[in-house]
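Sequential numbering from 34 applies to the sequence shown in our numbering.
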Amino acid sequence: MSPMSPMSPMSPMTAARGGDGVGPERLDRIEVTGIRAWGHHGVLEAETQLGQQFLADVTLHLSTAPAGSTDALSRTVNYAEVAHAVHEELTGGPYALVETLAERIARRILTDTGHPLVRRVGIRIHKPAAPVGLPVGDVTVRIERDAAPVDAVLALGTNLGDRAQHLHDALELLAATDGIDVEWSGPVLETAPVGGPADQGAFLNSAIGVRTGLGPFALLEAAHRAEHAARRERLVRWGPRTLDVDLITYGDWTSQDEILTVPHPRAHLRAFVLAPWHAARPDAELPGHGRIAALRETAEDRDGLRPGPEIEGYGIS
Numbered sequence: 034m035s036p037m038s039p040m041s042p043m044s045p046m047t048a049a050r051g052g053d054g055v056g057p058e059r060l061d062r063i064e065v066t067g068i069r070a071w072g073h074h075g076v077l078e079a080e081t082q083l084g085q086q087f088l089a090d091v092t093l094h095l096s097t098a099p100a101g102s103t104d105a106l107s108r109t110v111n112y113a114e115v116a117h118a119v120h121e122e123l124t125g126g127p128y129a130l131v132e133t134l135a136e137r138i139a140r141r142i143l144t145d146t147g148h149p150l151v152r153r154v155g156i157r158i159h160k161p162a163a164p165v166g167l168p169v170g171d172v173t174v175r176i177e178r179d180a181a182p183v184d185a186v187l188a189l190g191t192n193l194g195d196r197a198q199h200l201h202d203a204l205e206l207l208a209a210t211d212g213i214d215v216e217w218s219g220p221v222l223e224t225a226p227v228g229g230p231a232d233q234g235a236f237l238n239s240a241i242g243v244r245t246g247l248g249p250f251a252l253l254e255a256a257h258r259a260e261h262a263a264r265r266e267r268l269v270r271w272g273p274r275t276l277d278v279d280l281i282t283y284g285d286w287t288s289q290d291e292i293l294t295v296p297h298p299r300a301h302l303r304a305f306v307l308a309p310w311h312a313a314r315p316d317a318e319l320p321g322h323g324r325i326a327a328l329r330e331t332a333e334d335r336d337g338l339r340p341g342p343e344i345e346g347y348g349i350s
């Protein structure tokens, strides 16, 4: 399968290169500050009845490189949507504690508005009129929270050079990448080529499941690094290749980005992806298409599969 891999008006905001990240993914920052709303949060009855002004500052940690290099909104977070979501939380509730309000905002950004590109979020809530009984300039609660790891599926294939070595090295490289934990690997199958030139050799194919803290574009970059290490050249579409690593699924996230389409748009038709995946995870489903067991039985290339060589690291459920 050919690989698929690798933006909104801003006010007020800054984008800064961060020094922290998850593994090889260097996270940048988008900051939206001074989001104001009248809320009714507090432990005193007067606070919940009369309300007071709250302010929120939000720091979104993500890689802005995919968007910055292409000027594509789909490859970054829409901070206008984030600001509106924060405003809704500030005016919602009410909550007795500002800590609860901060947690609610962080969870909403990481699981909804900023998912899955935002990998960490910083929230600072200001309660300038907090009734502390003394003259103070401000009371703030500041938290940072990380996005939960995501389960993803990658498909690997090769039909040039030392095919077994290519698969071995790719799995080893991916498993050694910070932010990627290999959870399972399907068996290696030898398969007839699907599409492309008619005279190319048979493929060795497999699939692996990973649990990752990387964003989808960073995970795709890791796949491309494995291809590059195998000296992959993109000369002919669906042509012979030393290594092909495709991102098939990334949690339940869907994307129609021209370079990163998830789920992979042809995975439901390819037995050489479905069969090794099914061998490791027989109850798995491909988002939008149903159970892979049923998809495997109807794939046109299912009769072209045969057992491949045993390669260290593959066939581990």
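Quick reminder that beta carbons are idealized off the backbone N, C-alpha and C, glycines included.
DSSP beta-bridge partners of residue i
i, result
"isoleucine 68", "Ala89"
"histidine 311", "None, per the DSSP bridge assignment."
"proline 340", "Leu222"
"tryptophan 217", "Gly242"
"histidine 94", "Arg62, Arg153"
"serine 288", "Val295"
Check whether residue i and residue j have beta carbons under 8 angstroms apart
i, j, result
"histidine 73", "proline 127", "yes"
"glycine 346", "leucine 187", "no"
"arginine 152", "histidine 94", "yes"
"aspartate 90", "threonine 109", "no"
"alanine 135", "isoleucine 68", "no"
"histidine 199", "alanine 263", "yes"
"leucine 60", "serine 96", "yes"
"leucine 237", "threonine 245", "no"
"aspartate 316", "histidine 297", "no"
"arginine 178", "leucine 207", "no"
"alanine 332", "arginine 303", "yes"
"asparagine 192", "proline 273", "yes"
"glycine 248", "leucine 130", "no"
"alanine 313", "glycine 219", "yes"
"alanine 225", "alanine 235", "yes"
"glutamate 122", "threonine 146", "no"
Bounding residues of the alpha helix (DSSP H) (the contiguous stretch that carries residue i)
i, result
"aspartate 202", "196 to 208"
"glutamine 82", "78 to 83"
Opening and closing residue of the beta strand (DSSP E) in which residue i lies
i, result
"tyrosine 283", "277 to 283"
"valine 183", "183 to 191"
"arginine 157", "153 to 159"
"alanine 177", "Position check: residue 177 holds glutamate in this sequence, whereas alanine was assumed. Unbroken beta strand (DSSP E) run through glutamate 177: 173 to 179."
Burial state of residue i (16 or more Cβ within 10 Å)
i, result
"glutamate 260", "buried"
"glutamate 80", "buried"
"tryptophan 71", "exposed"
"glycine 170", "exposed"
"arginine 339", "exposed"
Residue i: CB within 7 angstroms of a non-hydrogen atom of the ligand FMN
i, result
"alanine 203", "As far as ligands go, the structure on display features none, and thus does not contain the ligand FMN."
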